[in-house]
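Here is the structure we will look at.
Here is the structure:
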């Protein structure tokens, strides 16, 4: 329909409304799908006219169009079901269950079962999640508020919620103008024409000598504008984009808000619980860039993609899971039934001595047993909790005293030491920042172990630097705040100042950078209780609000970024911990249980999108985020200060708490205890075995009894170093004192032996269930959440396995202990790539997954396809061959930019938003087989079938280095052998994988640091990958074996033979073509096999890891017993 025809429909809608044709108006709204009348929708929902509600919605969306639509229909049908139960109409409830709710079982079977079980209850309010369900009227009101937010966030309703701005009776006016024009064309115009019909053009009768007025001044149709014309509904429509649009999370806080896209909403998981009014917007209707292009989230509907407009990809929220229907709570990534207080880390497992008062702590974001600590004496330390070893310590010292200001030099001259106010890791764990009480911020780079290097020294503020945090407005930055009332943003690479924010009238106490999609902002709080918010511009504060009790406050988001909390203490000692309603800038709930007269400012933390914790009254106090009452407390076996410092690790399974005795206690839940046991196993090293007789003091801390299934095999080998740590009489930590070897000659005589795994009983292995056609697995990956595995077979079909929640797997993470489900949507469709006319066996499959696991971009020799991971629908296709795409990689800072390696040896830098190739890189001689970005180095590294590596600068896309792999003359490589590249998590070192070798490079200059060559008996390398912590490399071979190398040395420590994971079948040669590492479990990997199977492998729980590293003394030269499948002697 043309745009004018569409406008005519709006004119007709206005006319029908003015003439009070109510039913006809809404029928036309629904049938045309041009305007969604929110007022009518509200009326029908409030009245419980459910059939009319769904019928009206059907003109705009269907259940399976996208996650927002699915949530809308689910909430409506759930409410209808609950009302039937409330009326004791079981027959009606069963009918709704079967007819309306059954469709959702395909997406979340557990939730459907839970809904079904409500039939067995005398009163469904006996279900804990529905215990607060009120009467029908209030329940409908709560649901309606949620539905409105979902509709406003749903891309299918974009531009349909605002009725055009029209003058009253616009259609009548146009007809009058037409009749005026017709009358002027009359040959014999009358002074007072008589209009009797609109069916034919107007003409006047015989002339009577009068002259007609020109133009007509009297309206021919008597079009009197009627009062209360068609409702403008401006409250539901998009506002005009502002020069610097705000995320909705800030808009409601503003006293005089600038125009913003629309209120907040969430397409969070469906569940039983009452809708959460504080659900946070995931997708602004008006893109902040004012670019009308669609993005991935708006590409959920096929008919949306039919619009003649380019599509684009906006920066995605990292926490949107593949399965959007876990269980109950709206806006949460987990349901209430997933957690209990048993999940909280409350068992004391160790104590660590510090020597001075702990001021700040932070766990490493990747290596979750590394703890960074800062003290009141200016000391910083890195602890390895697995070995209970203090890896590194730095005392406060100004690095460049000569370049310091006079004020800083004067401050350093006084007797007061510089205290640490905050320590924090960067998001990837390669840097950490330290804010001191004297002007200074230090940034250190961390290179594993005890390798801690000075990176940047910044004189950030006059006086104390009260807080710091990392952010990523367009590159990695450090945000600081201070006693001088400023907030400043610094380039984390160069130390140059990017922004200064001024406006607080008291010292700035804390900062909380965050982002909603690609809109970056900073909350700041001051000691006078003022909260402000800033965009990365020079337009001043966007928010001016009071913290509860005018307290010194810290703010923090839940792990998934959807819920905002703050905790603070005012000068009178009153403490407050609250959740904010971002869309309104108001306190949503205040949690009870904090002391009335707190000593110091109460510190808090969040975990698992479910729990809050605060240190108060010599206790650690815990709350469920959705319950204002205290959940539980722990005194951590005593010895805590009045307001202890606390910090969760990323998974929420460990909790660090400061103590009165200048130390730290580590609390753990059962999963945390298992993790520490696993890491304790890994820390065992034959070259550092110590005899218990060496230790003269008792251990600092010991593990309590854990799950017996964990086993005790580590005790049979030798006690780890960490278990023998004690306290000296001079109060120094023995953790950093290397233990002596009790019998050096005896230890050196021990011969290290490679761990060989030959039987299925020696490891945990699981072949994933599969009822689809078995074709060799060409590509394999875990989803970023670690909850699913995606495979691409040689027949261009994708397979997705998801782990379901049950008693044996409450986290739903991928595991070899529980079989997953081969997942398909209710439609039964498969994600299948287009295939070119050439031989499918000649195609080079490739795919890349979006950061939020919602979309996969894939190709199998034909066009590149974009699939929705929830519905399996093909959202769009592009890049028809020739040449065909052979590798895909998203730009880490801009999801609209994709690097596409091509069959013709070129690399195309493709802008999805504008559907054009930005530039074409040429440097390879054969097809491109690998691509890897490093945001730290700002480079793209490519690899090709020509065995060449190239480094491209991502700023201007110039080639800055290239190098061919060194292949020994005796090693014959296939003419089109793949070369793969992958960055170490430090983003500096690069793993290169070729069928003849594994090599580690320093990426910027392509300097080869180490090389490893397999032994001939194993056959060629088929694939290799880093473990998630980059400590190990998993290597697969043509003989079916898998080797585990220590990444830092490229020495083999374990060989897994095919008999350990494959059933015996002499007639069929099966081996892995690809290996994928779990994103958060460092010892779990998956294999994609030539027979179409996928296997997940993990070590036994009693072992906890794959073998032990060889001592350096035994690695001096090649050995016939060395190597999982090759020489254990790395080559330079």
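In the working numbering, the protein residues as written are 51 to 1182.
Virtual Cβ for every residue (Gly too), placed ideally from N, Cα, C.
Fair warning: this is a prediction, and the values are worked out from it, not measured in the lab.
Classify residue i as helix, strand or coil using the three-state DSSP reduction.
i: residue 247; result: coil
i: residue 1156; result: coil
i: residue 76; result: helix
i: residue 230; result: helix
i: residue 837; result: coil
i: residue 540; result: strand
i: residue 1060; result: strand
i: residue 1033; result: strand
i: residue 497; result: coil
i: residue 674; result: strand
i: residue 966; result: strand
i: residue 605; result: strand
i: residue 100; result: helix
i: residue 84; result: coil
From residue i to residue j, what distance separates their C-alpha atoms?
i: residue 886; j: residue 1125; result: 26 Å
i: residue 864; j: residue 1148; result: 11 Å
i: residue 661; j: residue 628; result: 13 Å
i: residue 669; j: residue 1138; result: 49 Å
i: residue 838; j: residue 1074; result: 20 Å
i: residue 1008; j: residue 962; result: 21 Å
i: residue 572; j: residue 458; result: 27 Å
i: residue 136; j: residue 148; result: 18 Å
i: residue 1184; j: residue 924; result: Lying before the first or after the last residue shown, residue 1184 is absent from the chain, which here runs from 51 to 1182.
i: residue 504; j: residue 970; result: 38 Å
i: residue 327; j: residue 202; result: The predicted model places residue 327 with a pLDDT of 38, which falls under 50 and marks its position as unreliable; any figure quoted below should be read in that light. Going from the Cα of residue 327 to the Cα of residue 202 covers about 14 Å.
i: residue 1135; j: residue 677; result: 38 Å
i: residue 492; j: residue 509; result: 9 Å
i: residue 880; j: residue 549; result: 49 Å
i: residue 544; j: residue 483; result: 14 Å
i: residue 1199; j: residue 1080; result: Shown here, the chain extends from 51 to 1182; a query on residue 1199 therefore has no answer.
i: residue 992; j: residue 1054; result: 12 Å
i: residue 874; j: residue 150; result: 20 Å
i: residue 1034; j: residue 905; result: 25 Å
i: residue 412; j: residue 704; result: 11 Å
i: residue 1142; j: residue 828; result: 9 Å
Among the options, which has the Cα closest to the Cα of residue i?
i: residue 954; options: 668, 127 and 934; result: 934
i: residue 67; options: 220, 617, 109 and 122; result: 220
i: residue 899; options: 842, 1066, 93 and 884; result: 842
i: residue 655; options: 696, 1114, 1140 and 1061; result: 696
i: residue 1158; options: 804, 690, 541 and 490; result: 804
i: residue 945; options: 959, 527, 438 and 112; result: 959
i: residue 650; options: 439, 476, 624 and 672; result: 624
i: residue 892; options: 519, 657 and 910; result: 910
i: residue 927; options: 894, 939 and 882; result: 882
i: residue 500; options: 524, 461 and 432; result: 432
Does the Cβ-Cβ distance between residue i and residue j come in under 8 Å?
i: residue 546; j: residue 561; result: no
i: residue 641; j: residue 598; result: no
i: residue 93; j: residue 85; result: no
i: residue 404; j: residue 713; result: yes
i: residue 868; j: residue 859; result: yes
i: residue 981; j: residue 990; result: yes
i: residue 448; j: residue 516; result: no
i: residue 1127; j: residue 1084; result: yes
i: residue 512; j: residue 410; result: no
i: residue 915; j: residue 966; result: no
If we cut at 8 Å on Cβ distances, does residue i have a partner in chain B?
i: residue 119; result: Here there is only one protein chain, and chain B is not present.
Residue i and residue j look like a contact to me (Cβ under 8 Å); what is the Cβ gap, rounded to whole Å?
i: residue 844; j: residue 825; result: 5 Å
i: residue 441; j: residue 419; result: Wrong, their Cβ atoms sit about 11 Å apart, outside the cutoff.
i: residue 144; j: residue 169; result: 7 Å
i: residue 206; j: residue 116; result: 7 Å
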